[in-house]
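J.:
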Amino acid sequence: MTMTLIVELQSQAYQIDLNSALDISIPIRFDEPQVNHFGAPRATSTPLTVGSYVGSTLKGASCNADQLSITPHCNGTHTECAGHIINESLSVYETLDNTLCLAQLITVQPVLANESDDSYIPQKEGNDLIISQSMLVDAIDQAGDSLLSQNVEALIIRVLPNTKEKTTYAYSQDNQAAFFSCEAMSYLSRLKITHLLVDLPSLDRMYDEGLLSNHHCWWNIPQRKNSGLVSTANADALLHRTVTELIYVDETILDGIFLLNLQVPSIQSDAVPSRPLLFPIQAIRRSPINI
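Quick note on our numbering: the sequence shown kicks off at 728 and runs consecutively.
Set out below in structure tokens:
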């Protein structure tokens, strides 16, 4: 059965084929190579064992019952809330109240740190790969005025090169990913968007002295001086925002506007595995409805 959704935004009607979802999450497959960040243990699945009962039909049980072990921040696509950096209990499912919204996809090519005048906290190093403010401005300018509209609530950033290896890459001290400069993140934070989705393991450099400066900037939380201090959200904090990391946007998906369905489980945690789905949208003419 084909399901079509028609929505109207600022007097323009759009048609959305609900059967054409594009999954930009990285699946976690327990018996195959996995994407990994920070040297965390692999995500695992083992049969539930209670006394003599072993939850596996291969071991004679009447059904399968698995126990899962996963570190959302490091094993696969995940969505974070500001609870990630503050000494306050804040969960993603309590923060995320608009799981269906318009999203803009852009693509950028990072540069070596010494090729950009942008800065970072702590100080950037010569072999760092930086996503600068200017490249974001250029990409968003090419996208038109969509992000200036209050209708677009999410920005999806695809970073080149964009190979399939991203879905199983082990990010480590010797294999660090690109990250945003302070100026780039400040620019993104000023945009009227609620959700930021990236195909990187983190907004920040992997080894950043525990400062997480870009995370603080995104949620507008005062920057702590060192990793031993507690970050505190004030009245200006943007606690309604989310960050989704370790997505993978296939090269066949072109930059543009999509309907985003950001699916998360109701688990009490500052980060949870997530499944962002994109639906292509098409502007159409629609006759006014008289009521």
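Ideal placement from N, C-alpha and C gives every residue a C-beta, glycine not left out.
Check whether the Cβ atoms of ALA770 and ILE755 sit closer than 8 angstroms, and answer yes or no.
T.: yes
J.: Which residues does DSSP pair with PRO1000 in a beta bridge?
T.: HIS805
J.: Using a Cβ-Cβ cut-off of 7 angstroms (strictly less than) and excluding sequence neighbours within five positions of SER1001, which residues of its own chain qualify?
T.: Scanning its chain for C-beta atoms nearer than 7 angstroms, with the 5 sequence neighbours on each side dropped, one finds around SER1001 the residues SER752, THR804, HIS805, THR806, THR971, LEU989, GLN990 and VAL991, in chain order.
J.: Which residue spans inside the region 804 to 851 form an unbroken alpha helix (DSSP H) run of at least 4?
T.: 819 to 822
J.: To which residues of the same chain is ILE1018 closer than 7 angstroms at the C-beta, ignoring the five residues directly before and after it?
T.: Residue confidence is low: ILE1018 scores 44 on pLDDT, short of 50, so the model does not pin down where it sits. No coordinate-derived value is stated.
J.: What ranges does the beta strand (DSSP E) occupy inside the region 911 to 990, keeping only unbroken runs of at least 3 residues that lie completely in it?
T.: Entirely contained in the region 911 to 990, the beta strand (DSSP E) runs reaching 3 residues are, in chain order, 922 to 925, 969 to 972 and 983 to 990.
J.: Along the chain, where does the alpha helix (DSSP H) containing ALA866 start, and where does it finish?
T.: For ALA866, the uninterrupted alpha helix (DSSP H) run begins and ends at 860 to 869, by DSSP.
J.: Using the three-state DSSP reduction, which class does LEU785 fall into: helix, strand or coil?
T.: helix
J.: Ends of the beta strand (DSSP E) at ASP793?
T.: Start and end: 793 to 796.
J.: Only counting the same chain, and skipping five residues up and downstream in sequence, which positions put a Cβ closer than 8 angstroms to that of ILE974?
T.: ILE751, SER752, ILE753, THR804, ILE883, LEU924, VAL925, ASP926 and PRO1003
J.: Would DSSP call GLU720 helix, strand or coil?
T.: This structure does not reach residue 720, given that the chain is present from 728 up to 1018, and the question cannot be answered.
J.: Just how far apart, CA to CA, sit MET933 and SER779?
T.: 43 angstroms
J.: For GLY937, which residues in the same chain have their Cβ closer than 6 angstroms to its Cβ, ignoring the five residues on either side in sequence?
T.: Taken in chain order, the residues that qualify are SER954.
J.: Round the Cβ separation of VAL838 and ASP997 to the nearest angstrom and send it over; I've been treating them as touching at under 8 angstroms.
T.: That belief does not hold up - the Cβ atoms of VAL838 and ASP997 are roughly 31 angstroms apart, past 8 angstroms.
J.: Please check the pair THR834 and ARG885, which I expect to be a contact at CB under 8 angstroms, by giving their CB distance rounded to whole angstroms.
T.: 5 angstroms
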